[in-house]
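Okay, so here's the structure we're looking at.
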Amino acid sequence: MVRILMYVVMITLAVASFVMTRMRSAAHIGDKLKAPPPAPLHLNADTPEALEQALRHKDWRTRQAAIIRLGEQATPEANIQLTQALNDEDSDVRQSASEVLTALGTDAVEALSAVLENGSLNARQLAAASLGEIGADKSVPALIIALKDGSLWVRSAAAEALGKIGHKDAIDGLTQALRDPEKEVAQEAAVALKRIGTSQALEALGGK
803 MVRILMYVVM ITLAVASFVM TRMRSAAHIG DKLKAPPPAP LHLNADTPEA LEQALRHKDW
863 RTRQAAIIRL GEQATPEANI QLTQALNDED SDVRQSASEV LTALGTDAVE ALSAVLENGS
923 LNARQLAAAS LGEIGADKSV PALIIALKDG SLWVRSAAAE ALGKIGHKDA IDGLTQALRD
983 PEKEVAQEAA VALKRIGTSQ ALEALGGK
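Quick note: the sequence shown uses the numbering used here, first residue 803, plus one each step.
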């Protein structure tokens, strides 16, 4: 009887702990959703130094506002700062930086390509996705290299991006990616080759 009571108490405590954890998580998300918009950046916050400081601000809303301001500047220096924001701890901030860089188009390709070499996992994955949306041929070499990335998510994003760009120079790299040990990567490579659609690409797929 005592043992049964102990089991009941243990189960009750475990359930209570789980419920409290979920409640705290929900409260955090709710607070973020209800948070007021960021206060406008100071008028002299257009300098690289001021925006760099804003990107390190503890408030995610301020960092997001700085990203928008950097996108308006559209300079090579601003693009580099935007790619640094792809490493932000907050997923909304990272996504904002990715969207702004994508909107900048070919002007952001060089900075995004550099991220594929030295960015964090999240940054590399977002950079590959942005390059695919931009669709510039000059991003193909960096994306081909990313097919060998240590993360399956980056390799998969790179394969998808190469399919969207559709350049024939990617065929050899994608053909090798068909043998990737992770099926997600191999599947994206197959889809990319189909999208490229040349005889060489289809031949790599066995004529499918």
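By construction, the Cβ of each residue, glycine as well, lies at the ideal position given by its N, Cα and C atoms. It should be emphasised that the depicted structure is a prediction, and the values quoted were computed from it without experimental measurement.
Can you give the beta carbon distance from residue i to residue j, rounded, assuming they're within the 8 Å contact cut?
| i | j | result |
| --- | --- | --- |
| Ala910 | Gly921 | Contact flag wrong, Cβ pair sits at about 14 Å. |
| Gly968 | Arg997 | 6 Å |
| Arg957 | Val987 | 5 Å |
| Leu949 | Ala992 | Not a contact, Cβ separation roughly 13 Å. |
Cα-Cα, which of the options is closest to residue i?
| i | options | result |
| --- | --- | --- |
| Gln886 | Ile869, Glu874, Thr877 | Ile869 |
| Glu901 | Lys950, Glu874, Asp861, Leu949 | Glu874 |
| Arg926 | Gln855, Leu995, Asp951, Gln866 | Asp951 |
| Gln866 | Ala913, Leu995, Thr877, Leu853 | Leu853 |
| Pro850 | Asp861, Ala876, Ala880 | Ala880 |
| Ser893 | Ala960, Leu923, Ala994 | Leu923 |
| Ile946 | Arg871, Asp971, Gln883, Leu954 | Asp971 |
| Glu912 | Glu990, Gln883, Trp862, Gln897 | Gln883 |
| Ile936 | Ala960, Ala961, Ala905, Ala899 | Ala905 |
| Thr977 | Arg871, Glu984, Leu1007 | Leu1007 |
| Asn889 | Pro878, Leu857, Ala944 | Leu857 |
| Gly934 | Leu949, Leu964, Leu980, Glu891 | Leu964 |
| Trp955 | Lys985, Lys860, Thr877, Val993 | Lys985 |
| Ile891 | Pro878, Thr877, His859 | In the sequence as presented, Ile is not what sits at residue 891; that position holds Glu. The shortest Cα separation from Glu891 among Pro878, Thr877, His859 belongs to His859. |
Given 7 Å as the limit, tell me if residue i has its C-beta closer than that to any heavy atom belonging to the ligand COA.
| i | result |
| --- | --- |
| Pro878 | Ligands displayed in this structure: none; no statement on the ligand COA is therefore possible. |
Can you give me the Cβ contacts of residue i inside the same chain, cut-off strictly under 6 Å, excluding the 5 residues immediately before and after it?
| i | result |
| --- | --- |
| Met825 | Only weak support is given to the placement of Met825: the predicted model assigns it a pLDDT of 43, under 50, and the question is left unresolved by the model. |
| Glu990 | Ser958, Ala961, Glu962 |
| Ser932 | Ser900, Leu903, Thr904, Leu914 |
| Leu995 | Leu976, Ala1003, Ala1006, Leu1007 |
Once you ignore the five residues that flank residue i on each side, which residues in its own chain have a CB closer than 7 Å to its CB?
| i | result |
| --- | --- |
| Ser898 | Gln866, Ile869 |
| Lys1036 | In the structure as shown, the chain begins at 803 and stops at 1010. Residue 1036 is therefore absent and cannot be evaluated. |
| Ala944 | Ser915, Leu918 |
Please return the same chain residues whose Cβ sits closer than 8 Å to the Cβ of residue i, not counting the five positions on each side in sequence.
| i | result |
| --- | --- |
| Ala938 | Gly907, Thr908, Val911, Ile967 |
| Glu1005 | none |
| Val1014 | With the chain covering 803 to 1010 only, the question about residue 1014 has no answer from this structure. |
| Gln1002 | Lys970, Ile973 |
| Asp848 | Arg871, Gln875 |
| Thr1000 | Lys970, Ile973 |
| Val942 | Leu964, Ile967, His969, Asp971, Ala972 |
| Arg981 | Ala988 |
| Ser953 | Leu923, Arg926, Gln927 |
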